[in-house]
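Read the structure below first, then the notes.
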Amino acid sequence: MEVTLLGTGDTTGTPTPNCECDTCTEARKRGVERSRFSVHVHNERTGESLLVDASPDFRQQFLDNDVALPDAICISHIHFDHLDGLGNAYRLLEDVPVFAADETDPVTGESVAETIEEKYDYLDAVTVSPESPFEPFETCGFEVTLVPVEHPPLVCYGLRVEDPETGAVLSLSGDTNYGVSERSRGVLSGADLLFVDGIVPAAYCEYHPYGGDHADENGIPRTFGTKHMTIEGARAFAEDLSIEEYRLVHLSHYIAAEDAFDDDMALDGEQFVV
Numbered sequence: 685m686e687v688t689l690l691g692t693g694d695t696t697g698t699p700t701p702n703c704e705c706d707t708c709t710e711a712r713k714r715g716v717e718r719s720r721f722s723v724h725v726h727n728e729r730t731g732e733s734l735l736v737d738a739s740p741d742f743r744q745q746f747l748d749n750d751v752a753l754p755d756a757i758c759i760s761h762i763h764f765d766h767l768d769g770l771g772n773a774y775r776l777l778e779d780v781p782v783f784a785a786d787e788t789d790p791v792t793g794e795s796v797a798e799t800i801e802e803k804y805d806y807l808d809a810v811t812v813s814p815e816s817p818f819e820p821f822e823t824c825g826f827e828v829t830l831v832p833v834e835h836p837p838l839v840c841y842g843l844r845v846e847d848p849e850t851g852a853v854l855s856l857s858g859d860t861n862y863g864v865s866e867r868s869r870g871v872l873s874g875a876d877l878l879f880v881d882g883i884v885p886a887a888y889c890e891y892h893p894y895g896g897d898h899a900d901e902n903g904i905p906r907t908f909g910t911k912h913m914t915i916e917g918a919r920a921f922a923e924d925l926s927i928e929e930y931r932l933v934h935l936s937h938y939i940a941a942e943d944a945f946d947d948d949m950a951l952d953g954e955q956f957v958v
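The C-terminal position of the sequence shown is numbered 958 in this note's numbering, with every residue numbered one higher than the one before it.
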């Protein structure tokens with residue numbers, strides 16, 4: 685599978701509009717960007733492409749990257765920076781299945797699949813396919829499994845994408861804190877490549893109203909607030925899953941400029957062959 689990181693940033697992206705912080709300034713100097721999260725997975729055997737999450741930056745991401753428009757889309761959760769790009773299906777895509785979890789969110793009273801169906805009922809091109817977590821489904825020649833992760837207050841899912849012919853596996857943590865269940869970790873573990881959510885260094889937990897959580901043996905928080913992993917937590921998560929090749933995604937512009945472009949911190953446009 686050929687994997688392209690279309691969007692690697694958090695909800696405001698890097699550079700953030702009207703921000704002159706050192707990290708945004710350095711990003712502009714380098715000519716790099718972290719737009720809102722989205723991953724393109726192309727199956728070279730079948731010629732089909734799967735899009736994981738539909739970023740609000742959909743149009744620019746596909747202009748900037750030489751990749752095919754998706755044959756199928758999988759949505760991890762209903763936050764706007766992962767969902768609202770789905771409107772680009774209008775007059776751009778034809779008959780595209782959108783896969784999403786079928787379990788009811790106690791906060792919204794409906795599943796991710798039901799939310800998408802209601803919000804985008806005007807899009808004739810979109811056909812929503814509800815899927816049960818932990819039960820693999822097939823699309824674009826891949827076996828895809830949704831796995832519950834922890835992104836309160838809403839339900840959210842990571843993904844395992846496997847090519848049954850070659851055995852290649854891509855795992856995505858989804859937006860999550862460090863407290864992912866052992867069952868979900870088991871599904872995500874042992875992949876050839878992992879994209880793992882890490883938003884800020886642990887030191888920034890002192891500025892969050894909820895502080896940090898899931899501290900390691902040295903007292904370093906692996907969760908920032910309640911919703912995301914710290915940089916330290918994301919790296920620990922990759923180690924927990926025994927995955928050597930990984931990139932940190934959903935990165936914010938609050939990472940110090942001297943650290944924000946480390947080798948394991950993803951940038952838009954990076955490509956991998958798995």
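Using N, Cα and C, we set each Cβ at its ideal position, and we do this for glycine too.
A quick note: this is a predicted structure, and the numbers were derived from the prediction, not measured.
Alpha-carbon spacing of isoleucine 883 relative to glutamate 822, whole angstroms: 31 Å
Sufficient close CB pairs (3 or more, under 8 Å) joining the stretch 892 to 908 to the stretch 946 to 956: no
Three-pair Cβ contact test at 8 Å for the stretch 712 to 722 versus the stretch 785 to 794: no
Start-to-end residues for the beta strand (DSSP E) that takes in isoleucine 757: Unbroken beta strand (DSSP E) run through isoleucine 757: 756 to 758.
Beta-carbon proximity check, leucine 838 vs serine 855, cutoff 8 Å: no
Limits of the beta strand (DSSP E) - the one that glycine 863 falls within: From DSSP, glycine 863 is part of no beta strand (DSSP E); its letter is neither H nor E.
Residue interval of the beta strand (DSSP E) (run including arginine 743): Per DSSP, arginine 743 belongs to no beta strand (DSSP E); it is in the alpha helix (DSSP H), 742 to 748.
Proximal residues to threonine 811 (C-beta, below 6 Å), its chain only, five neighbours per side dropped: Pro781
Rounded separation between glutamate 802 and proline 701 - CA only: Spanning the two alpha carbons is a distance of roughly 31 Å.
Inter-residue Cα distance where the pair is alanine 711 and glutamine 745: 17 Å
Assigned secondary structure, tyrosine 841 (DSSP; H/G/I helix, E/B strand, else coil): strand
Residues of its chain near glutamate 706, where Cβ-Cβ distance is below 6 Å and the 5 sequence neighbours each way are ignored: First, the residue type needs correcting, since residue 706 is aspartate and not glutamate in the sequence shown. If we look at aspartate 706 and ignore the five residues flanking it on each side, its Cβ neighbours are Ala941.
Whether aspartate 859 touches histidine 761 by CB criterion (8 Å): yes
Check whether valine 687 and leucine 877 have beta carbons under 8 Å apart: yes
Beta-bridge pairing of asparagine 772 - partner residues as DSSP gives them: Among the bridge pairs identified by DSSP, asparagine 772 is matched with none.
Cβ-Cβ separation, leucine 753 to leucine 770 (assumed contact under 8 Å), whole Å: The pair is not a contact, with the Cβ atoms about 13 Å apart (cut-off 8 Å).
Endpoints, alpha helix (DSSP H) assigned at threonine 811: According to the DSSP assignment, threonine 811 belongs to no alpha helix (DSSP H) but to the beta strand (DSSP E) extending over 810 to 815.
Length of the line joining the Cα atoms of aspartate 805 and proline 814: 15 Å
Burial state of glutamate 846 (16 or more Cβ within 10 Å): buried
Phenylalanine 821 - partner residues in DSSP beta bridges: Val828
Unbroken stretches of the alpha helix (DSSP H), 4 residues or longer, contained in the stretch 917 to 951: none
Continuous beta strand (DSSP E) stretch holding aspartate 897: start and end: 896 to 899
Exposed unless 16 or more other CB atoms sit within 10 angstroms - verdict on tyrosine 894: exposed
DSSP state of histidine 763 mapped onto helix, strand, coil: coil
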